[in-house]
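S.K.: The structure is given below, and queries will be raised subsequently.
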Amino acid sequence: MSTKRLIEKTKERLSREVGAIYKPHGDHIRFALAFPSTYYVGMSNLGLQIVYRLINEQETALCERVFLPDPADMDDATKPGQHLFTMESQTPVRDFDVLAFSLSYELDYPNVLKLLALSGIPELSSERDAQTHHVPLVIAGGPASTFNPETLAPFIDLYVIGEAEEVMPEIIDVLVKYQGMDRPELLRKLAELEGVYVPRFYEPEYNEDGTLRGMNVAPGIPEHITRRWTANLDDYDATSLIVTRETEFSNMVLAEVARGCGRHCRFCVAGYAFLPPRARSDESILQAIDRMNERVAEKLGHDPRIGLLSASVFDHPSSTLVCQSLAERDRLFSISSTRADTLNKDIAEVLRKGGHETITIAPEAGTYRLRRAINKVMPDETVINAANSAWEAGFRKLKLYFMIGLPTETETDLVSIPTLVRQISELAPWEKVTVSVSCFVPKPWTPFQWAPMDSEKELGHKLDQLQRALRPIKRVSILGESPREAVVQGVFARGDRRLKDALLLMSRENISWRAAFREGGIDPSAYAQRQRIREEVMPWDHVDLGVSKEYLWSEYMHAMNSIATRACPLSGCNQCGVCGGK
């Protein structure tokens, strides 16, 4: 009965969606596209929907979705004889040609292994060659795959490094041409494609102190994998294809307005791994929204709300025009983010007309000095003026983002956070001010990839200190990220293949990360808290995202001295290496 119940639940979910694609299996190359979390979380991810559309647009391929079972369904999903199936046709995942993971968040890594096990697919790539029955090719892509593919390398057959729009059709062409070829030879053919990384052809070699010496590369395989990226975003539609109420963005059409970010905040992967920043034209954005609206409005019974997405929406040269156009048509819309230094009363008013209810501002740090160190250059006055503009435009709810544990952070920086929050809260009688506090996690391909991370104990102490200081301020509520989870994220973010056993233990035994690291022989502080030296070889150094390591180190040194540097001027710039200089 467990299979029947899960299938019925899936069909009910499908009946509430608008936009899913159903293609006959026939002779197509069949992709099961997996998000390593629940349906509710996965269907909130625009990247997943972009890839779903892209694959299904290929005549020789089809794509269906699969997610981690909801917690309430996990007992049924793990019963003997039960295997995970896709949504659209309820076909077992193990029957597909490809299982493709979209990876955005490091803490989802153990879920990748759970999805493999639930599908009846060997977790380790090395174990799949010996299988006498059909086993899907396991592919991974997405932001986390691009900035460090090594943590999950033992489990993945091949990675897409960079953006999928141009390389995915090439992968499908190879799969069509070489159907039936043995897995090792097929992977060698795929490794010839630019932007494709096949981990089995790269063997890490370590020094006696445990640091990485380098990669031994198989003959005929490129020493470096060059990421793929899309120069003209207008060539591709990037609105969400499927609309459903069972997501964080209920019945909302998500629309990408830009990709990458030229601000170069030193803690943020988007500011380095997805350069150069590229903007869609206002015409293409509005046309894509109109096409989607025509397709779904009648079925929904109303015009869907629009969600405009980018690293900083109002860095887009035409974002204000797009928002004004939507507001003039009485369309409800929201934005993913904006910076305090772009938020003025006119922008706040157009957001209010679009039905935006809460303004979010991210000072990140409590002092101007620390903001300069992280290259988010804005004085307190800019933050306060942005909040004031929001109030004057009619906003009554405000959300403020801060980080703790940033490199060079001092006690003064920490105690200045509640001081700034108090100033903002006293500007006006806000209905609610939410202060969200996250923990700094060093990420690959940022200037802070060399930096140590605070320990769980240190982060916990700082969070407690902030909570005590913020609690007495009227109308202020506090959301704090778990220091424990932040440290695990820090381990996975700069991880390597030696985390294999710990990940298997987390997945198979469902034990805590502490126990998994202990039993797997892993010292988490060696990954999260250790200071790296300039010359250290990083696990991701054989991946080429275009940004020079020399530039990242110079930015790290600038951070240590609280020196800010300019943002991308969009043309004629060679400072980071992406656009031609080194």
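Position one of the sequence shown corresponds to residue 5 (this note's numbering), numbered consecutively onward.
The beta carbon of each residue, even a glycine, is placed where N, CA and C say it ideally should be.
Taking C-alpha atoms, which residue in I59, D133, T64, S48 lies nearest to F71?
M.R.: Cα-wise, what sits closest to F71 is S48.
S.K.: Near A636, which residues of its chain fall below 6 Å by C-beta distance, leaving aside the five closest residues on each side in sequence?
M.R.: Limits of the chain in this structure are 5 at one end and 586 at the other, which puts residue 636 out of reach.
S.K.: Is it buried or exposed for R267, if we count other Cβ within 10 angstroms and need 16 for buried?
M.R.: Result: buried.
S.K.: Just verifying my parser: in three-state terms, what is the DSSP assignment at C272?
M.R.: Three-state DSSP puts C272 in coil, outside helix and strand.
S.K.: Contact defined as beta carbons within less than 8 Å: I believe H546 pairs with I229. What is the distance between those atoms, to the nearest angstrom?
M.R.: About 7 Å; that satisfies the 8 Å criterion.
S.K.: Does the Cβ-Cβ distance between V171 and V178 come in under 7 Å?
M.R.: In this structure, V178 does not lie closer than 7 Å to V171 by Cβ.
S.K.: Here's the rule I'm using: 16 or more other beta-carbon atoms within 10 Å means buried, otherwise exposed. How should Y44 be labelled?
M.R.: Flag for Y44 reads exposed.
S.K.: Would you say W454 and Y560 are within 7 Å of each other, going by their C-beta atoms?
M.R.: Going by C-beta atoms, W454 is nearer than 7 Å to Y560.
S.K.: Within its chain, find whatever has a CB closer than 8 Å to the CB of I590; leave out the 5 residues flanking it on each side and keep chain order.
M.R.: Residue numbering for the chain in the displayed model covers 5 to 586; residue 590 lies beyond these limits and cannot be assessed.
S.K.: Who does V4 pair with in a DSSP beta bridge?
M.R.: Any property of residue 4 remains undetermined from this structure, which presents the chain solely from 5 to 586.
S.K.: Note down, in chain order, each residue of its chain lying with its Cβ closer than 6 Å to the Cβ of A506, except the 5 sequence neighbours on either side.
M.R.: Correct list, in chain order: A520, F521, G524, I526.
S.K.: Using the DSSP secondary-structure output, state which residues sit across from K403 in a beta bridge.
M.R.: Answer by DSSP bridge pairing, in chain order: T364, T438.
S.K.: With DSSP as the reference, label Y163 as helix, strand or coil.
M.R.: Here Y163 sits in strand by DSSP.
S.K.: Quickly, what does DSSP pair S481 with across the bridge? List them, please.
M.R.: In DSSP, S481 forms a bridge with T438.
S.K.: Could you have a look at G218 and say whether DSSP puts it in helix, strand or coil?
M.R.: G218 falls in the strand class under three-state DSSP.
S.K.: In three-state DSSP terms, what is D99?
M.R.: In this structure, D99 counts as helix in the three-state DSSP scheme.
S.K.: Write down the C-beta distance between A38 and L117 rounded to the nearest angstrom, noting that I regard them as a contact closer than 8 Å.
M.R.: A38 to L117, Cβ: 12 Å. No contact.
S.K.: Considering only residues of the same chain and omitting the five flanking positions on each side of T174, which have a CB-CB separation below 8 Å?
M.R.: The sequence given here has Glu at residue 174, not Thr. These residues qualify, in order along the chain: L197.
S.K.: Among A473, I537, N60, S108, which one has its Cα closest to the Cα of W557?
M.R.: Nearest C-alpha to W557: I537.
S.K.: I believe G494 touches V445 by the beta-carbon criterion, under 8 Å. Please report the beta-carbon distance rounded to the nearest angstrom.
M.R.: Indeed, because the Cβ distance is near 5 Å, the residues count as touching under 8 Å.
S.K.: Could you have a look at K586 and say whether DSSP puts it in helix, strand or coil?
M.R.: Bear in mind that the predicted position of K586 carries a pLDDT of just 38, short of 50, making it too unreliable to give a figure here.
S.K.: Taking 7 Å as the cut-off, decide whether the C-beta atoms of H320 and A262 are in contact.
M.R.: In this structure, A262 lies closer than 7 Å to H320 by Cβ.
S.K.: Helix, strand or coil for D384 per DSSP?
M.R.: Helix.
S.K.: Specify the secondary structure class of L141 as computed by DSSP and reduced to three states.
M.R.: Strand.
S.K.: I'd like the list of long-range same chain contacts for A391, defined as Cβ closer than 7 Å, with 5 residues on each side in sequence excluded.
M.R.: Around A391: I365, L402, I428, L431.
S.K.: Go through its chain and collect everything with a Cβ distance to I125's Cβ below 8 Å, but skip five positions before and after it.
M.R.: Closer than 8 Å at Cβ, skipping near neighbours: V97, R98, L103, R132, V139, P140, V142.
S.K.: Assuming G550 and R231 are in contact, meaning their beta carbons sit under 8 Å apart, how far apart are those beta carbons, in whole angstroms?
M.R.: Indeed they touch by this definition, with Cβ atoms about 7 Å apart.
S.K.: From the DSSP output, in three-state form, read off R132 for me.
M.R.: Residue state, collapsed to three classes: helix.
S.K.: I'd like to know if the region 272-285 and the region 304-311 are in contact, where contact means that at least 3 CB-CB pairs between them fall below 8 Å.
M.R.: With the cut-off at 8 Å, the region 272-285 and the region 304-311 do not touch.
S.K.: If you follow the beta strand (DSSP E) that P208 is in, where does it begin and where does it stop?
M.R.: 206-210 is the span of the beta strand (DSSP E), which, as asked, contains P208.
S.K.: For K436, is the classification buried or exposed, using 16 other Cβ atoms within 10 angstroms of its Cβ as the cut-off for buried?
M.R.: Burial call: exposed.
S.K.: Would you kindly work out how many angstroms separate the C-alpha atoms of K447 and G275, rounded to a whole number?
M.R.: Taking the straight line from one Cα to the other gives about 11 Å.
S.K.: On a Cα-Cα basis, can you pick out the residue from V541, A157, R373 that is closest to S420?
M.R.: Minimum Cα distance to S420 is reached at R373.
S.K.: Using the three-state DSSP reduction, which class does A571 fall into: helix, strand or coil?
M.R.: DSSP places A571 in coil when its eight states are reduced to three.
S.K.: Per DSSP, which one or two residues make a beta bridge with A65?
M.R.: Per DSSP, I33.
S.K.: Quick check on D241: does DSSP put it in helix, strand or coil?
M.R.: Correct three-state label for D241: coil.
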